[in-house]
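**Student:** My numbering puts the first residue of the sequence shown at 1420, with every later residue one more than the last.
Take a look at this one; I'll ask things after.
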Amino acid sequence: MASTRDIEKAAGVLRGGGLVALPTETVYGLGANAEDSAAVSRIFQVKGRPPSHPLIVHIGSADLLGDWVEDVPTTARLLAEHFWPGPLTLVLRRGPRVPLVATGGLETVAVRVPDHPVARALLAAFGGGVTAPSANRFGSVSPTTADHVRTELGDAVDFVLDGGPCEVGVESTIVDVTGGIPSILRPGGVTREDLEAVLGHSLDVPSTSHVRVPGQHPSHYAPRARVVLVEPEKVVAEAELAQELGHRVGVLLPAPSPGDPVKAHAVVEIPRSAAAYARGLYGFLRELDQQGCDLIVASLPVEEGLGLAIANRLRRAAGPRSTV
Ligand code: AMP
Ligand code: MG
């Protein structure tokens, strides 16, 4: 776990224009000083991320929001009060402190106050904003441990802060509050139901069938193995058939699991609680890759609560790869 000295060192790396991998409650981020265009550009290079895909600016507290955006609409204030620090990202109109390189050229900016003691300590020690996408190569599975970051990015990062495994495990919910009615751009760690309870009205469920915002390409969050989604009751039969046909099949097995062992290369039993499933999801996908699976058979959970974010990530993991 990162010490106070590590935090000071990481803040120094950010001040010097370097890149720091930092734990948040959602996933690990690859952070740079948000106001340093050259450092922000390096994030895109290291990730192999197209420059049009905007990043999230992480700040230390909701009180600082006004420093980074043009104005703070009442809805944004309300959501920030309820959900920050936490896994909610608000898209607002960009303030002059945010360089265009961080927003992929957009006049809007995504901002979040993370809820992880190490991220919060780093933001306090550094004092500024930290632009950070997930600390993985573009399109692949987000890291939820410091080891995932080291394995995937190695020396490309100047310093890795270890904050243990991420508590939430999937990325933040992104809500666009620039228009009249807020809309969910990406489901995540704050549920649609919780947002609706605070807003007092219903919100649209985002569609994964077409690209709605930059960075939302069909294939994303994808392991090396191809992911196939089938009905929950067909997972076992589909997996065993593919294994018979010569694939090395990994299975994300929904409950209740069958009494007989599934004839596949590797089997992960899905935790019963959606929170535990979200926390484990990316680790499971990485594990199946590591075990040499070339095909992963899974099904979608019920799309309510955290199930909405899990289903969104699984759909993207299974999305057509030629469009990336
Ligand atoms: P990542 O942290 O790698 O998941 O990437 C940041 C996410 O924030 C991407 O899905 C972006 O599409 C989204 N994002 C960042 N800024 C904006 C913005 N101004 N408008 C819409 N989406 C944004
Ligand atoms: Mg990402």
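Just so it is clear, CB atoms sit at the ideal spot from N, CA and C, and this is done for glycine as well.
Comparing the CB of Tyr1752 with every heavy atom of the ligand MG, is any distance shorter than 8 angstroms?
**Tutor:** Examination of residue 1752 is not possible in this model, given that the chain is present from 1420 through 1743 alone.
**Student:** When a residue counts only if its C-beta is closer than 6 angstroms to some heavy atom of the ligand MG, which residues count, in chain order?
**Tutor:** For the ligand MG, the selected residues are Pro1552, Ser1553 and Ser1561.
**Student:** With His1639 as the anchor, note down where its beta strand (DSSP E) starts and where it stops.
**Tutor:** Note, His1639: premise wrong, no beta strand (DSSP E); not H, not E.
**Student:** How many Å lie between Leu1580 and Gly1485 at the Cα?
**Tutor:** When rounded, the distance between both Cα atoms is 28 angstroms.
**Student:** Between Ala1458 and the ligand AMP, is the CB less than 8 angstroms from at least one heavy atom?
**Tutor:** Not so, every heavy atom of the ligand AMP lies at least 8 angstroms from the Cβ.
**Student:** Secondary structure at Asp1482, three-state DSSP: helix, strand or coil?
**Tutor:** Looking at Asp1482 - three-state DSSP - the assignment turns out to be helix.
**Student:** Does the beta-carbon distance from Arg1434 to Gly1479 come in below 9 angstroms?
**Tutor:** Not a contact, by the Cβ cut-off of 9 angstroms.
**Student:** Just reading off the alpha helix (DSSP H) that Ser1602 is part of, what are its end residues?
**Tutor:** Where Ser1602 is concerned, there is no enclosing alpha helix (DSSP H), although the beta strand (DSSP E) it sits in stretches over Ser1602 to Arg1605.
**Student:** Indicate whether Val1654 and Pro1673 have their beta-carbon atoms separated by less than 9 angstroms.
**Tutor:** The answer is yes: Cβ separation under 9 angstroms.
**Student:** Got a sec, what are the start and stop residues for the beta strand (DSSP E) Arg1531 sits in?
**Tutor:** Where Arg1531 is concerned, the enclosing beta strand (DSSP E) stretches over Thr1527 to Arg1531.
**Student:** Is Gly1580 helix, strand or coil when you go by DSSP?
**Tutor:** Residue identity differs from the one stated: residue 1580 is Leu in this sequence, not Gly. Coil at Leu1580, not helix or strand.
**Student:** Going along the chain, which unbroken runs of the beta strand (DSSP E) with 3 or more residues stay wholly within the stretch 1464-1514?
**Tutor:** Those beta strand (DSSP E) runs which fall completely within the stretch 1464-1514 and span 3+ residues are 1475-1477 and 1507-1512.
**Student:** Using alpha carbons as the reference points, say which of Tyr1696, Thr1597, Ser1638 and Gly1437 lies closest to Glu1586.
**Tutor:** Checked all of Tyr1696, Thr1597, Ser1638 and Gly1437; the closest Cα to Glu1586 is Tyr1696.
**Student:** Do you know offhand how far Gly1634's Cα is from Gly1514's?
**Tutor:** At Gly1634, the pLDDT of 49 sits below 50, so the modelled position is not reliable and the matter cannot be decided from this model.
**Student:** Looking at Trp1503: is its Cβ nearer than 9 angstroms to the Cβ of Val1532?
**Tutor:** In this structure, Val1532 lies closer than 9 angstroms to Trp1503 by Cβ.
**Student:** Going by other Cβ atoms of all chains shown within 10 Å of its Cβ, with 16 needed for buried, is Pro1473 buried or exposed?
**Tutor:** By the neighbour-count rule (16 or more Cβ atoms within 10 Å), Pro1473 is buried.
**Student:** Is the separation between the beta-carbon of Val1642 and that of Ile1715 shorter than 9 angstroms?
**Tutor:** Correcting the residue type first, residue 1642 is Pro in the shown sequence and not Val. Yes, they are a contact pair.
**Student:** Near Pro1518, which residues of its chain fall below 6 angstroms by C-beta distance, leaving aside the five closest residues on each side in sequence?
**Tutor:** Result list for Pro1518: Ser1456, in chain order.
**Student:** Of all the CB atoms in chain C, is at least one closer than 9 angstroms to the CB of Val1446?
**Tutor:** Here chain C cannot be found, since the structure has a single protein chain.
**Student:** If distances are taken between C-alpha atoms only, which option among Val1446, Val1459 and Pro1739 comes closest to Pro1584?
**Tutor:** The option with the nearest alpha carbon to Pro1584 is Val1446.
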